[in-house]
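Single-structure report; data block below.
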Amino acid sequence: MMMLLGYILLGAVAGLIAGVFGLGGGIIIVPALIFTFSYLHFPPEVLTHIAVGTSLSTIIFTSLSAIYVHHKKQAIYWSLAVKLSIGMLFGGLIGAYFAEMVSGPLLQKVFALYSLTVAFQMWTSWKPKGALVLPKTFGLATLGTAIGSISGLFGIAGGSLVVPILTLYRIKITNAIATSALTGFPIALSGTIGYLLTGWNNNNLPEYSLGYVYLPATLGIIISSTIFAKVGAKLVHQLPADKLKKSFSIVLLLVAIKLFF
């Protein structure tokens, strides 16, 4: 019972952050689940994969909750999101497949370096000289594939990639977050399917696992994350853009520190 309450609390925190920053919540969920699963003595060879697969499974529901609120506020750039999502569906599967071949600690440090770079860009509002032009459909689909692949590796919805990229193209932070929330759904869906399939016949999985998805954690987290994602999504439309950017950079800095140490 205490563990279930812990998952529900984790879902509340992750859902709020997902709604406010368009991150999907995986940036909080994955480290927390790694710690929890270590405490539960899950086999170390599958522990990180279960944390990532479980995180992606919760983001399916969390993203839908945030999408609903952002759509009502007419903040989502649907055409842009759909073109990115075409590639993200494939990217999520690719990331889940290659996760089996790459060292977890190495992936964490690479992502930490990326987080530090993005945190600096968001805090200083640095942008390249001149106006960047968004790619056409094929370019956006290719970009979506790359984002989906990286997100599938780390168990995140891709907001830490999508939001900074869209702001570089002069898209308002509120619309970038709202659009990011929508693109998180195809990443989470395809990534979850990938982790279900790659872990299906693994003999080291704990009880109540479906592939690399640990069902008790998934259920506990989505109980609260879907509710608090709506709360966070509503806050986005009430907070000033400059404060959102700086808050976003602080979150990424904390994530990078956590992944390094």
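Residue numbers (our numbering): 2 to 262.
All C-beta atoms, glycine included, are put in the ideal place defined by N, C-alpha and C.
Subject >> Run of the alpha helix (DSSP H) containing Asn176, from where it starts to where it stops >> reply: 174-199
**OP:** To the nearest angstrom, report how far apart Tyr209 and Leu162 are at their CA atoms.
**Re:** 32 Å
**OP:** Excluding the 5 residues preceding and the 5 following Ser80 in the sequence, name in chain order all residues of the same chain whose CB lies nearer than 6 Å to its CB.
**Re:** none
**OP:** Let me know the secondary structure DSSP gives Val134 once reduced to three states.
**Re:** coil
Original post:
Do you know offhand how far Gly287's Cα is from Tyr78's?
Top reply: This structure gives no information on residue 287, because the portion of the chain shown stretches from 2 to 262.
Original post:
By Cβ distance, which residues of its chain are closer than 6 Å to Val256, with the 5 residues on each side in sequence left out?
Top reply: Ile28, Ser116
Original post:
Any contact of the stretch 84-94 with the stretch 136-146, i.e. 3+ C-beta pairs under 8 Å?
Top reply: yes
Original post:
Any idea if Leu216 is buried or exposed, counting beta-carbon neighbours within 10 angstroms, 16 or more meaning buried?
Top reply: exposed
**OP:** Answer with buried or exposed for Ser39, where buried requires no fewer than 16 other C-beta atoms within 10 angstroms of its C-beta.
**Re:** exposed
Original post:
Which one or two residues does DSSP pair with Tyr215 in a beta bridge?
Top reply: Ser210
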